[in-house]
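Visitor: When the letters of the sequence shown are read in order and numbered with my numbering, they come out as residues 1220 to 1625.
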Amino acid sequence: MGIYEELEWRGLIKDVSNPELREKLNAGGMTFYIGTDPTGDSLHIGHFSSFLICKRLKDAGHHPIVLVGGATGLIGDPKPDSERPMITKETVEHNFNCLKHQLMTLFDCEVVNNYDWSKDISFINFLRDFGKFFNVNYMLNKDIVSRRLDEGITYTEFSYMIMQALDFWWLNQNKNVTLQVAGQDQWGNITAGIELVRKKEQKEVYGFTMPLLTRSDGVKFGKTNGQSVWLDAKKTSPYEMYQFFINSEDTKVIDYLKFLTFLSKEEILELEKKHQQAPHLREAHTALAREVITFIHGKEAYEEALKISKALFSGDIKSLTAKEIEMGFNDLPSTEGKNNTLVDALIEVKLASSKREAREFIRNGAVSVNGDKVTDESFTLTQDIAIEGKFIVLRRGKKLYALLRF
């Protein structure tokens, strides 16, 4: 199975500019690029899904270049429903440096910034050297533009397509790039670049898009409660990432394995068989979490996330370090430890709505402190019982946790 056929099997090919691309990809030796704008200071799982193409094609003998758009990021790719807010040059530069570090660390690839070749192009030269190759009717027919016509689109956003096409042309002329890869929402911009190179240089270049990975309801993968699952461990800890993957939808987990891992076809088909026979064992989910977290953060981070998850499930809180507790309880209710009585602490962290209810929970054996059941209503939470002098973990019932910080 060639790389093209593997990408097809994984569901990673949506649109292809030319049927010749199958043979070219299987032969190896192409220089290709994939890009993103520095709208944030970290990539998220949605980006990761796309940028894995760098390693897939590199392993097949191609040369990847990642473009982080310091110029296009100042303009903003048109959204389907509204204009993106402008971000400052300082923010774009900061974000570029952060993303460059992440990309080079994860994918060991060349990273370029389109601001470097765009900043000195005058407005007149932009129109003469590039604008003249774009028919307005052609641009209006592009999906992302046509969807915005009713509510309106600014000239700035309208020009984004030309800027991205300019990138393809520049990379072709200066880096011998003959292929652009992107998510399916970039198809119009890719074909614009192909047309520009063809008209200016009478050369054939290529493009293909990958489907956007989504949940079953169509929401882009990587979003949870309106928040992205970031690749930066300071924004999304490996434990939080583990929880995200282990709780993935049963109907989508095999797709995620194909998109997000380098497990072989045989390994994924075996996991699919096990998943169909015993979905409650969550072997496919575990494999997904293990492969992604290990790739991004390393084996040790995955094992730490697994340890936290097992400790919380079993209630073995004392086996965790303060660092692991902070990671595992990052998004849970917490309050400052100040020699609280257990009754008062339960109310403060909203594990009980009143003193009467708190006492009832305690008497009934529903409350534990650092994994130990407490039935004494007068129990006081002092720093000397805190784990490493920093944290006391409260639990009510089997799943409701909260934290006292000292």
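Glycine included, each C-beta is placed from N, C-alpha and C at the ideal position.
Just to confirm my understanding: we take residue 1408, look at its own chain, exclude 5 residues before and 5 after, and list those with CB closer than 6 Å. What are they?
Guide: The residues 1380 and 1383, in chain order, have a CB closer than 6 Å to that of residue 1408 in the same chain once the five nearest residues on each side in sequence are set aside.
Visitor: Contact defined as beta carbons within less than 8 Å: I believe residue 1318 pairs with residue 1238. What is the distance between those atoms, to the nearest angstrom?
Guide: Actually they are not in contact, since the Cβ atoms of residue 1318 and residue 1238 sit about 34 Å apart, beyond 8 Å.
Visitor: Just to confirm the assignment, what range does the beta strand (DSSP E) spanning residue 1624 have?
Guide: Residue 1624 -> beta strand (DSSP E) spans 1619-1624.
Visitor: Counting only the same chain and skipping the five closest in sequence on each side, list residues whose C-beta sits under 7 Å from that of residue 1516.
Guide: 1452 and 1457
Visitor: Give the straight-line distance between the Cα atoms of residue 1541 and residue 1266, rounded to the nearest whole angstrom.
Guide: 31 Å
Visitor: What is the C-beta distance between residue 1253 and residue 1400, in whole angstroms, given that I count them as a contact (C-beta under 8 Å)?
Guide: 5 Å
Visitor: Residue 1275 to residue 1393, Cα distance in whole Å?
Guide: 24 Å
Visitor: Need the endpoints of the alpha helix (DSSP H) that residue 1426 sits in, please.
Guide: Careful: residue 1426 lies outside any alpha helix (DSSP H), inside the beta strand (DSSP E) at 1425-1429.
Visitor: The beta strand (DSSP E) that contains residue 1282, what's its start and end?
Guide: Segment 1282-1287, the beta strand (DSSP E) holding residue 1282.
Visitor: Exposed or buried, what is residue 1551 when buried is set at 16 or more other beta-carbons lying within 10 Å of its beta-carbon?
Guide: Counting Cβ neighbours within 10 Å, residue 1551 comes out exposed, since fewer than 16 surround it.
Visitor: For residue 1405, which residues in the same chain have their Cβ closer than 7 Å to its Cβ, ignoring the five residues on either side in sequence?
Guide: 1428
Visitor: Which partner residues does residue 1402 have in the DSSP bridge list?
Guide: 1429
Visitor: Hey, residue 1247 and residue 1280: beta-carbon distance below 7 Å or not?
Guide: yes
Visitor: Judging by CA-CA distance, which residue of 1418, 1557 and 1244 is the nearest neighbour of residue 1599?
Guide: Of the listed residues, the one whose Cα sits closest to residue 1599 is 1557.
Visitor: Taking only runs of the alpha helix (DSSP H) that begin and end inside the segment 1310-1340, which ones reach a length of at least 4 residues, in chain order?
Guide: 1334-1337
Visitor: With DSSP run on the structure shown, which of helix, strand or coil describes residue 1555?
Guide: strand
Visitor: Should the segment 1517-1529 be regarded as contacting the segment 1569-1588, the criterion being three or more beta carbon pairs within less than 8 Å?
Guide: no
Visitor: Assuming residue 1386 and residue 1286 form a contact by the criterion Cβ under 8 Å, report the distance between their Cβ atoms to the nearest whole angstrom.
Guide: 6 Å
Visitor: On the three-state DSSP scale, how would you describe residue 1253?
Guide: strand
Visitor: Are residue 1473 and residue 1486 closer than 7 Å when you measure CB to CB?
Guide: no
Visitor: Secondary structure at residue 1233, three-state DSSP: helix, strand or coil?
Guide: coil
Visitor: How about residue 1261 and residue 1450: are their beta carbons less than 7 Å apart?
Guide: Yes; because the gap between Cβ atoms is below 7 Å, this pair is in contact.
Visitor: Measuring only the C-alpha atoms, how far is residue 1481 from residue 1329?
Guide: 21 Å
Visitor: Using only the alpha-carbon positions, how far apart do residue 1536 and residue 1509 sit?
Guide: 22 Å
Visitor: Excluding sequence positions up to five away, which residues of its chain have a Cβ less than 6 Å from the Cβ of residue 1277?
Guide: 1283
Visitor: CB residue 1511 to CB residue 1479, shorter than 7 Å?
Guide: In contact: residue 1511 and residue 1479 (Cβ atoms closer than 7 Å).
Visitor: With DSSP collapsed to three states, give me the class of residue 1375.
Guide: helix
Visitor: With distances taken between CB atoms, is the gap from residue 1475 to residue 1507 smaller than 7 Å?
Guide: yes
Visitor: Looking only at its own chain, which residues have a Cβ that is under 7 Å from the Cβ of residue 1533, when we skip the five neighbours before and after it?
Guide: Correct list: empty, nothing qualifies.
Visitor: Less than 7 Å between C-beta atoms, sequence neighbours within five positions excluded: which residues of the same chain meet that for residue 1233?
Guide: Counting only Cβ-Cβ distances below 7 Å, and skipping sequence neighbours, we find 1403, 1428, 1429 and 1430.
Visitor: Buried or exposed: where does residue 1584 fall if 16 or more other Cβ atoms within 10 Å of its Cβ makes it buried?
Guide: Around the C-beta of residue 1584, fewer than 16 other C-beta atoms lie within 10 Å, and the residue is accordingly described as exposed.
Visitor: Here's the rule: buried if 16 or more other CB atoms are within 10 angstroms of the residue's CB, otherwise exposed. What is residue 1342?
Guide: Counting Cβ neighbours within 10 Å, residue 1342 comes out exposed, since fewer than 16 surround it.
Visitor: Around the C-beta of residue 1594, are 16 or more other C-beta atoms found within 10 angstroms, so that it is buried, or is it exposed?
Guide: exposed
Visitor: Rounded to a whole number of angstroms, what is the C-alpha to C-alpha distance between residue 1365 and residue 1503?
Guide: 41 Å
Visitor: Return the chain-ordered list of same chain residues with a C-beta closer than 7 Å to the C-beta of residue 1397, the five sequence neighbours on each side being excluded.
Guide: 1249, 1250, 1391, 1424 and 1425
Visitor: Mind reading off the beta-carbon distance from residue 1623 to residue 1564? Whole number of angstroms is fine, and I expect it under 8 Å.
Guide: 6 Å
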